[in-house]
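Residue numbering for the sequence shown follows full-length UniProt numbering, starting at 1 and increasing by one per position.
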Amino acid sequence: MQVQDIMTRRIATVQQDDRLALVRDIFDQAPFRHLLVVDDEDRLCGVITHADMYRALSPYLATDAELERDRETLQRRAHQVMSRDPVTIAADASLAAAASLMLERNISCLPVVDRQQLLGVLSWKDLLCALMK
Numbered sequence: 001m002q003v004q005d006i007m008t009r010r011i012a013t014v015q016q017d018d019r020l021a022l023v024r025d026i027f028d029q030a031p032f033r034h035l036l037v038v039d040d041e042d043r044l045c046g047v048i049t050h051a052d053m054y055r056a057l058s059p060y061l062a063t064d065a066e067l068e069r070d071r072e073t074l075q076r077r078a079h080q081v082m083s084r085d086p087v088t089i090a091a092d093a094s095l096a097a098a099a100s101l102m103l104e105r106n107i108s109c110l111p112v113v114d115r116q117q118l119l120g121v122l123s124w125k126d127l128l129c130a131l132m133k
């Protein structure tokens, strides 16, 4: 079995200059935990995880202790919190190779690319679901 057989093809992306308010809105409305960051030519340049976003936002947002400086964290840009130079994988790679790469690099997803074109994303959850079938 290959990556292309189980990868998620319907992906969400944000631009490098999009604000964390948008990133938060996407995560709040979607069932996934990885957001791919692209440049103006739609080339992959980073990944923001759900955890990355929450580390970048003030823990006081939407609480009684919220101040203006807490709300300002929503104005940070995607490129300020994304993981740069993400590890990627080809669609025709084996699932064993993908799992090995994720374990070796201690990452939870692999953007699937072909010649700089973004085809999908493979997460640890996709691998576990494939194992269960």
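Note that CB positions come from ideal geometry on N, CA and C, so glycine has one too. Predicted model, so just to flag it, every value in this text is computed and none were measured.
Item                                                                                                   : Value
Opposing strand residues paired with Thr-8 [DSSP bridges]                                              : Val-121
Residue of Ser-100, Thr-49, Asp-114, Ala-93 minimising C-alpha distance to Met-1                       : Ala-93
Backbone secondary structure at Gln-75 - three-state DSSP                                              : helix
Cβ contact check for the region 25-41 and the region 116-123: 3 or more pairs under 8 angstroms        : yes
Inside the UniProt domain "CBS" (82-133) only - alpha helix (DSSP H) runs reaching at least 4 residues : 95-105, 124-132
C-beta atoms of Val-3 and Val-81 nearer than 8 angstroms                                               : no
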